[in-house]
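Numbering-wise, full-length UniProt numbering puts 405 at position 405 of the sequence shown, and it's gapless, one number per residue.
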Amino acid sequence: MFYRGTVESILSSCIIAWFGNCTASDRKTLQCTVRTVEKIIGVSLPSIMDNYTTCCIRKATSIGRTHPSLTLTFFTAAIWQKVLLPAAGLLQLQEVKRACCEFLSTQLHPTNCLGIRAFADLHACCDLLNLANTYAEQHFSEVVQCEEFLNLGMEQVCSLIASDKLTIPSEEKVFEAVIAWVKHDKDVRQEHMAHLMEHVRLPLLSREYLVQRVEEESLVKNSSACKDYLIEAMKYHLLPADQRSMMKTVRTRVRTPASYPKVMVVVGGQAPKAIRSVECYDFEEERWFQVAELPSRRCRAGVVYMGGTVYAVGGFNGSLRVRTVDAYDPVKDEWCCVSSMQDRRSTLGAAVLNGLLYAVGGFDGSTGLATVEAYNAKTNEWFHIAPMNTRRSSVGVGVVGGILYAVGGYDGATRQCLSTVEAYNPNTNEWTYIAEMGTRRSGAGVGVLKGLLYAVGGHDGPLVRKSCEVYDPASNTWKQVADMNMCRRNAGVCAVNNLLYVIGGDDGSCNLASVEYYNPSTDKWTILPSCMSTGRSYAGVTVIDKPL
């Protein structure tokens, strides 16, 4: 007991000295601290560090010359992970071990989380293991670009890509990660292709990607088992959308990532003229903040989040209806221009379906539009698809079960607000009418929550509505739910954490800065305590993953 208490005391003193006395540029102090730890470990754990200390000092010194502020963090993590934690574990110093794990959990990064995960597994640090594993799942896109991933063993790769909890923009990330891992040591690893591809959910990829990328990959061509998985995916796509649920395999199951912190992005709008401002709400921190402004003024645009990028499509710049498209990178906080649409559109609907961005209906400055076009971000090209049966400006859109819905709007030909709804099936390239809403709605907010389509507010002539109705595709019926607290038209809508949010809009006399949300479990609307800095209608709204 005396020996253990002495070692624990020395270790604790060493840690305190490390944080209290070291500076990033003081190499002698770093070396002295390492020697102290070596002596402590050497008494009962010979050779535990081997040559690691020398490597750490060399790397820490190198980092210190260019980034002095990083040296202490790097070197401290190395000591805690490679020396103190193993020592504390073997000496059963639980408080020290717990402190080491807590420290390492603060150091998780895409470049090291897999190593920390393996280390936690080796030393039976269950909480740290779970944290590192969750971090790797939530940052999969970044993790697979790092050296640690390429150096994993086959079973470790399988364990990671088999997870239902991966946060990925599309299954393409998983397929490309597998190909990169195999090609990193092709001669040795290509024999594992079939085992790896068992965990890649090929049916969830687009038909174009399957044909143009997967089928053409030599590693797939050279494996009969991989070709079987490709055939399975093709069969899935040949099935009608309403029959695909009958084809149940692990590869047809949609991944359901753990709740990841979200940020709501409110783009442009009318306040009272078109504005450039972009305002965000952090649901985790419950605060509003500004980000980079649009390159030019824009309201009445369609806004979506696709593949890690926010797109602002078409709209009105204060004088003209436009066909331009701006793209925002949340990580860089920068906007850039991408290919313009073929038609000018304002008050359009925008949605993402099967990896394509759809721009639906709208107003070109002279007439309402029935035309629809789609954008492929990979080719940076727009192309027309089948037009709707009805011209619709101020239309709301949403996607449920692989079907795109166009809800209400205004038909310039008859000068009527619409209660009709159309559904687009991408497999047949056809629009068909479905059940009508109970009320006419132009400028309604449309959102999707738990497989149901919501139409919120809007107006019928001068009457601005606060009512809300919901559509169930399974029964092809609409039903009324609780009214909002305020009348709103031309508001933004998004769904987060099983709640439906309605943002801004106008009540017929002024633009609104308030936000309210609907809880389907209680059938109640609640006003969000904090408002936007600016009242705005005709703003585009979407939800993104909180940037690192």
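Beta carbons are placed, not taken as given, at the ideal position from N, Cα and C, and that holds for glycine.
Which two residues bound the contiguous beta strand (DSSP E) that contains Y538? Within the sequence shown, numbered from 1, the residue matching residue 538 stands at position 538. Looking at the DSSP string, Y538 is not in any beta strand (DSSP E), and its letter there is neither H nor E.
CA-CA distance, P272 and R297? Walking along the sequence shown from the start, residue 272 turns up at place 272. Walking along the sequence shown from the start, residue 297 turns up at place 297. Cα-Cα distance, rounded: 12 Å.
In the region 122 to 160, which residue ranges form an unbroken alpha helix (DSSP H) of at least 4 residues, counting only runs that do not cross its ends? 126 to 138, 140 to 143, 147 to 150
In whole angstroms, give me the CA-to-CA distance for K227 and V211. Along the sequence shown, read from residue 1 onward, the residue named residue 227 stands at position 227. Along the sequence shown, read from residue 1 onward, the residue named residue 211 stands at position 211. It is roughly 12 Å from the alpha-carbon of K227 to the alpha-carbon of V211.
Give a yes or no on contact between the region 357 to 376 and the region 339 to 348, applying the rule of three or more CB pairs nearer than 8 Å. yes
By the three-class DSSP mapping on this structure, what secondary structure does C226 have? Position 226 of the sequence shown holds residue 226. C226 falls in the helix class under three-state DSSP.
Using beta-carbon positions only, say whether C417 and G461 come within less than 8 Å of one another. Numbered from 1 along the sequence shown, position 417 holds the residue referred to as residue 417. Numbered from 1 along the sequence shown, position 461 holds the residue referred to as residue 461. Closer than 8 Å, so yes.
Could you tell me if A88 is buried or exposed, where buried requires 16 or more neighbouring beta carbons within 10 angstroms of its beta carbon? Locating residue 88 in the sequence shown gives position 88, counting from the first residue. With a pLDDT of 46 at A88, under the threshold of 50, the predicted position of this residue should be treated as unreliable, though the coordinate-derived value follows. Buried is the call here.
Would a C-beta distance cut-off of 8 Å place D545 and K165 closer than the cut-off? To locate residue 545, count along the sequence shown from 1; it is residue 545. To locate residue 165, count along the sequence shown from 1; it is residue 165. Cβ atoms of D545 and K165: not closer than 8 Å.
For T477, which residues from the same chain have a beta carbon less than 8 Å from its beta carbon, with the 5 sequence-adjacent residues on both sides left out? Along the sequence shown, read from residue 1 onward, the residue named residue 477 stands at position 477. Here the set comprises A435, Y471.
For the region 453 to 460 against the region 393 to 413, do three or more pairs of beta-carbon atoms, one drawn from each stretch, fall closer than 8 Å, so that the two count as touching? yes
Does Q480 come out as helix, strand or coil in the three-state DSSP assignment? Residue mapping note: residue 480 aligns to position 480 of the sequence shown, counting from 1. Note: Q480 maps to strand in three-state DSSP.
Consult DSSP for T66 and reduce its assignment to one of helix, strand or coil. Within the sequence shown, numbered from 1, the residue matching residue 66 stands at position 66. Since pLDDT at T66 reaches only 39, below the 50 mark, its modelled position is unreliable, and the value read off the structure follows with that caveat. Helix at T66.
Which runs of the beta strand (DSSP E), 3 residues or longer, sit entirely within the region 459 to 508? 468 to 472, 477 to 481, 492 to 496, 499 to 503
Quick one: complete beta strand (DSSP E) runs, 3+ long, within the region 252 to 303? 262 to 267, 278 to 282, 287 to 290
Limits of the unbroken alpha helix (DSSP H) element including F175: The sequence position of residue 175 within the sequence shown is 175, counting from 1. That run of the alpha helix (DSSP H) goes 172 to 184.
Could you check how far apart the C-beta atoms of L114 and A136 are, in whole angstroms? I think they sit under 8 Å. Taking the first residue of the sequence shown as 1, we reach residue 114 at position 114. Taking the first residue of the sequence shown as 1, we reach residue 136 at position 136. That belief holds up - the Cβ atoms of L114 and A136 are roughly 6 Å apart, short of 8 Å.
Kindly indicate which residue of G505, E469, E516 has the alpha-carbon position closest to the one of N485. For the purposes of this step, residue 485 is identified with residue 485 of the sequence shown, where counting begins at 1. It is E516 whose Cα lies nearest to the Cα of N485.
Note the first and the last residue of the continuous beta strand (DSSP E) segment covering V372. As a first step, residue 372 is located in the sequence shown; it is residue number 372 there, counting from the start. 372 to 376 is the extent of the beta strand (DSSP E) around V372.
Compare the beta carbon distance of C158 and H184 with 8 Å and say whether it is the shorter of the two. One-based indexing of the sequence shown puts residue 158 at position 158. One-based indexing of the sequence shown puts residue 184 at position 184. No, they are not a contact pair.
The beta strand (DSSP E) with L356 in it runs from where to where? The count along the sequence shown starts at 1 and reaches residue 356 at position 356. Counting along the chain, the beta strand (DSSP E) containing L356 begins and ends at 356 to 360.
By Cβ distance below 6 Å, which residues in the same chain neighbour residue 557 in space, the five residues on each side in sequence not counted? Nothing about residue 557 can be reported from this structure: the residues present for the chain run from 1 to 548 only.
Quick one: what's got a C-beta closer than 8 Å to V496's C-beta in the same chain, skipping five residues either side? Looking up residue 496 in the sequence shown gives position 496. Cβ within range, chain order: K262, M264, F283, V543.
What residue does the alpha helix (DSSP H) around H192 start on, and which one ends it? Along the sequence shown, one-based indexing puts residue 192 at 192. H192 -> no alpha helix (DSSP H), and no H or E assigned at all.
Report yes if the C-beta distance between residue 549 and P473 is below 8 Å; otherwise report no. Look at the range of the chain in this structure, 1 to 548, and you will see that residue 549 is not part of it.
So, for Y538: in the same chain, excluding its five sequence neighbours on each side, which residues have a beta-carbon less than 7 Å away from its beta-carbon? Position 538 of the sequence shown, counted from the first residue, corresponds to residue 538. Here Y538 has G269, Q270, C299, R300, N490 as same chain residues with Cβ atoms under 7 Å from its own Cβ, once five neighbours each way along the sequence are excluded.
Determine the contact status of G505 and V266, defining contact as a CB-CB distance below 8 Å. Taking the sequence shown and counting its residues from 1, the one referred to as residue 505 is at position 505. Taking the sequence shown and counting its residues from 1, the one referred to as residue 266 is at position 266. No, these two residues do not count as a Cβ contact at 8 Å.
Count the other CB atoms within 10 Å of the CB of I79; is the residue buried (16 or more) or exposed (fewer)? As a first step, residue 79 must be located in the sequence shown, where it is residue number 79. With a pLDDT of 45 at I79, under the threshold of 50, the modelled position of this residue cannot be trusted; read the value that follows with caution. Answer is buried; the Cβ neighbour count reaches 16.
Nearest to T428 (by Cα), restricted to the options L239, R392, L499: Within the sequence shown, numbered from 1, the residue matching residue 428 stands at position 428. The candidate whose alpha carbon is nearest that of T428 is L239.
Which residues does DSSP list as the beta-bridge partners of V310? Position 310 of the sequence shown holds residue 310. Partner(s): Y305, Y328.
Note down the Cα distance separating P203 from N376, rounded to an integer number of angstroms. Here residue 203 is taken as the residue at index 203 of the sequence shown, counted from 1. Here residue 376 is taken as the residue at index 376 of the sequence shown, counted from 1. Whole-angstrom Cα-Cα distance: 19 Å.
Assign V338 to one of three DSSP states: helix, strand, or coil. Position 338 of the sequence shown, counting from 1, holds the residue named residue 338. Strand at V338.
Inter-residue spacing [alpha-carbon to alpha-carbon] between T367 and R287: If you number the sequence shown from 1, residue 367 lands on position 367. If you number the sequence shown from 1, residue 287 lands on position 287. Their backbone Cα atoms lie some 40 Å apart in a straight line.
Using a 10 Å radius around the Cβ and a threshold of 16 neighbouring Cβ atoms, would you call M247 buried or exposed? Translated into the one-based positions of the sequence shown, residue 247 becomes position 247. Burial call: exposed.
Would you identify the three-state DSSP class for S218, choosing helix, strand or coil? Residue numbering aside, residue 218 sits at position 218 when the sequence shown is read from its first letter. S218 falls in the helix class under three-state DSSP.
Span of the beta strand (DSSP E), counted from its first residue to its last, around V399: For the purposes of this step, residue 399 is identified with residue 399 of the sequence shown, where counting begins at 1. Per DSSP, V399 belongs to the beta strand (DSSP E) from 396 to 400.
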